[in-house]
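The next block holds one structure in the form of structure tokens; read it before the comments.
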């Protein structure tokens with residue numbers, strides 16, 4: 027109970043306007059390479075609401091897990107026989123961090139949507155934990171995988187609309203032979219992980235995924251992220 031209270035307070039502090047502004051100037055002065063925007067335009071693309079529900083319907087999935095349910099923006103829109111939502115602050119059905127949830131979970135799911143803490147190390151943990159509890163024909167989806175500019179993905183967070191460095195977890199996952207990984211060009215980037223042999227393995231480089239810089243992503247995002255359109259995603263699943 028006390029841990030959850032402290033977690034809520036820390037999240038609120040980190041996302042306060044003053045703290046975000048402070049970190050914005052920090053990034054602007056010391057880290058931004060002035061590369062500008064990549065040019066993603068998601069305004070006419072499918073939304074995550076459509077994508078998740080369409081996949082559930084097409085695959086006749088029965089059990090849905092959502093990690094990160096702030097204000098239930100997605101969770102309340104999903105129609106599935108069994109729904110579990112995990113968030114330490116608001117929304118969903120379980121008031122825990124994802125680590126706390128997975129440490130005691132015994133259930134398996136068909137579709138898992140990851141939209142929790144948008145930092146590489148935590149996203150990587152959420153992916154690995156989700157794979158342990160994914161049914162054989164299941165799918166993992168991740169939100170916010172395609173940042174448009176440096177500030178969208180800067181760590182620490184420096185603006186309200188924020189992808190974080192989720193993209194690094196996709197790059198890392200693409201090096202695994204046992205999972206098939208894509209990024210759908212929709213709704214700020216929807217990561218897709220399917221438990222089957224990798225059809226487009228990313229060759230491991232000397233650079234660790236955690237140490238990748240925004241300029242690496244900016245100049246090579248199509249290859250690193252294995253970007254596909256929605257129609258192709260439906261074919262692949």
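Numbering (this note's numbering), first residue to last: 27 to 263. Here a beta-carbon is modelled for each residue, glycine too, at the ideal position from N, C-alpha and C. Since this is a predicted model, take the numbers as computed values, not measurements.
With respect to the alpha helix (DSSP H) encompassing residue 149, which residues constitute its N-terminal and C-terminal limits? Judged by DSSP secondary structure, residue 149 falls within the alpha helix (DSSP H) whose first and last residues are 146 to 158.
So residue 109 is in the beta strand (DSSP E); what residue range does that whole segment cover? Counting along the chain, the unbroken beta strand (DSSP E) around residue 109 starts and ends at 108 to 112.
Identify the residues that DSSP records as bridge partners of residue 267: which are they? Coverage of the chain is limited to positions 27 through 263, which leaves residue 267 absent and any answer about it impossible.
Beta carbon of residue 100 nearer than 8 angstroms to that of residue 74: Yes.
Counting Cβ pairs closer than 8 angstroms, one from the segment 52 to 66 and one from the segment 172 to 191, do we hit at least three? Yes, the segment 52 to 66 touches the segment 172 to 191.
So who's on the other strand from residue 90, going by DSSP bridges? Per DSSP, 109, 137.
Excluding sequence positions up to five away, which residues of its chain have a Cβ less than 6 angstroms from the Cβ of residue 178? By the criterion of a C-beta distance shorter than 6 angstroms, residue 178 is surrounded in its chain by 189, once the five residues flanking it on both sides are discounted.
Would residue 87 pass as an interface residue toward chain D - the criterion being a Cβ-Cβ separation below 8 angstroms? Protein chain content of the structure displayed is limited to a single chain, and chain D is not contained in it.
Going by C-alpha to C-alpha distance, which of 143, 106, 246, 187 sits closest to residue 93? It is 143 whose Cα lies nearest to the Cα of residue 93.
Assuming residue 165 contacts residue 104 under a Cβ cut-off of 8 angstroms, what Cβ separation, rounded to an integer in Å, is found between them? The pair is not a contact, with the Cβ atoms about 14 angstroms apart (cut-off 8 angstroms).
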